[in-house]
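Chemist: Mind looking over this structure? Questions follow.
Residue numbers (UniProt numbering): 1 to 371.
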């Protein structure tokens, strides 16, 4: 189970991911694989115990495996640990990573506040419901615990049946579609165009946030030069952390290399009308940036700006990853169709977006940036 979890992390984890995230996810996946692997032994042990209760022990053929008697205790504990790690992985870690605070203590406080905003009311309602069951319905704590366990098992079985039903339909359909190579190529060309547009929007939002970051940095420097308070020293240190997350100018220049969808090979600013439109859009952009920039350079404003930058970077990275994936799949599909007469061998996938080398190199720089 540990080797299977390590292999999944190697294949699916992002390069440069935080170690504590890898640890929590790896432990949770290891326990999940453990539950799957010991399921045949647990079933055999259950059948063996039922046979012993009905007949003589000598008449029952049980699996002579050392430690198999510990499975009835080990499996429920592993199940609870998996659920706990799942909540930690989904809620606490997500709040901790997405926090805009600049210190570990501040991120932990933000995480606990967001955690308490949901789980404290949920816990109070659960306690009231538990008291009602114990007092009005005459149930014992053991019965309530069994009822809650059955509820979670029912939810898990419902999700399992839903995924099985989806897989029984989706897997054959996907295999059927993969047999239509020309249809797959047209589908991938469509997806590249869609992802190119989404990538444009994500990078446009990122550029807006980066401009606001640099405008806030300039305003903070101007305020700090005319002030003697030590508070500006902390604000400048926090601003330095925000600037460290910003991609370099060379990476931003390569990000802007994708032409708009529907205009293959076009580049902004190559004609006089393009220059005029670029100037007008630049003026409009500056007005938008000045309107969105924080009015006061304080700790709360920098936290909000930090969250916006993290969100914009995450969306841009996700859109870029999807775009690169569909481009690679399209190139592979074109190579499969290379011997078919009348099939374009080059450029069919590249017309909808930027060159693959530029996108790949930009992705590598982002991975180094987040390491």
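Cβ atoms here follow ideal geometry from the backbone N, Cα and C, with glycine treated the same way.
(1) Judging by CA-CA distance, which residue of 21, 6, 238, 308 is the nearest neighbour of residue 212?
(2) For residue 202, which residues of its own chain have a beta-carbon under 7 Å away from its beta-carbon, when the five flanking residues on both sides are left out?
(3) Note down, in chain order, each residue of its chain lying with its Cβ closer than 8 Å to the Cβ of residue 126, except the 5 sequence neighbours on either side.
(4) What's the gap between the Cα of residue 206 and the Cα of residue 87?
(5) Could you tell me if residue 137 is buried or exposed, where buried requires 16 or more neighbouring beta carbons within 10 angstroms of its beta carbon?
(6) Can you find the residues in the same chain that come closer than 8 Å, C-beta to C-beta, to residue 336, ignoring five residues on each side of it along the sequence?
(7) Just to confirm my understanding: we take residue 422, look at its own chain, exclude 5 residues before and 5 after, and list those with CB closer than 8 Å. What are they?
(8) Could you check which residue in 169, 198, 100, 26 has the C-alpha nearest to that of residue 311?
(9) For residue 33, which residues in the same chain have their Cβ closer than 7 Å to its Cβ, ignoring the five residues on either side in sequence?
(10) Determine the closest residue to residue 219 out of 82, 204, 239, with distance taken between C-alpha atoms.
(11) Within 10 Å of its beta-carbon, does residue 209 have 16 or more other beta-carbons around it, so buried, or fewer, so exposed?
(12) Give the DSSP-derived three-state secondary structure of residue 121 in the structure shown.
(13) If contact is defined by three or more beta carbon pairs under 8 Å, each pair taking one atom from either stretch, is the segment 64–79 in contact with the segment 32–48?
(14) Does the segment 38–51 come within contact of the segment 60–74, defined as at least 3 CB pairs closer than 8 Å?
(15) Could you tell me which whole alpha helix (DSSP H) segments of length 4 or greater appear in the segment 311–336?
(16) Taking residue 170 as part of the alpha helix (DSSP H), name the residues at either end of that continuous run.
(17) Considering only their Cβ atoms, is the gap separating residue 242 from residue 313 smaller than 8 Å?
(18) At what residue ranges does the segment 4–36 contain a whole run of the alpha helix (DSSP H), taking only runs of 4 or more?
(19) Between the alpha carbons of residue 372 and residue 13, how many angstroms are there, rounded?
(20) Would you tell me roughly how many angstroms separate the C-alpha atoms of residue 405 and residue 53, rounded to the nearest one?
(21) Which of the three DSSP states is assigned to residue 298 in this structure?
(22) Kindly indicate which three-state DSSP category residue 101 falls into: helix, strand or coil?
(23) Among 332, 246, 334, 217, which residue has its Cα nearest to the Cα of residue 301?
(24) From 27, 338, 19, pick the residue whose C-alpha is nearest to that of residue 185; which is it?
(25) Under the rule that 16 or more other beta-carbon atoms within 10 Å means buried, what is residue 31, buried or exposed?
(26) Whole angstroms is fine: what's the gap from residue 83's alpha carbon to residue 40's?
(27) Apply the 10 Å Cβ neighbour rule to residue 102 and answer buried if 16 or more other Cβ atoms are within range, or exposed otherwise.
Modeler: The relevant details are as follows:
(1) 308
(2) The beta carbon of residue 202 sits closer than 7 Å to the beta carbons of 315, 316, 319 from its chain, once the five residues preceding and following it are set aside; these are given in chain order.
(3) none
(4) If you take the alpha carbons of residue 206 and residue 87, they lie about 30 Å apart.
(5) exposed
(6) Excluding sequence positions up to five before and after residue 336, its CB lies within less than 8 Å of the CB of 181, all in the same chain and listed in chain order.
(7) The structure shown does not extend to residue 422, since the chain is modelled only from 1 through 371, so no value can be given for it.
(8) 100
(9) 1, 4, 5
(10) 239
(11) buried
(12) helix
(13) yes
(14) yes
(15) none
(16) Its alpha helix (DSSP H) spans residues 141–179.
(17) No, these two residues do not count as a Cβ contact at 8 Å.
(18) none
(19) Residue 372 falls outside the range modelled here, since the chain spans only 1 to 371, and no answer is possible.
(20) Past the edges of the chain, shown from 1 to 371, lies residue 405, and the structure says nothing about it.
(21) coil
(22) Assigned with DSSP and collapsed to three states, residue 101 falls in coil, not helix or strand.
(23) 217
(24) Out of 27, 338, 19, 338 has the C-alpha closest to the C-alpha of residue 185.
(25) buried
(26) 22 Å
(27) buried
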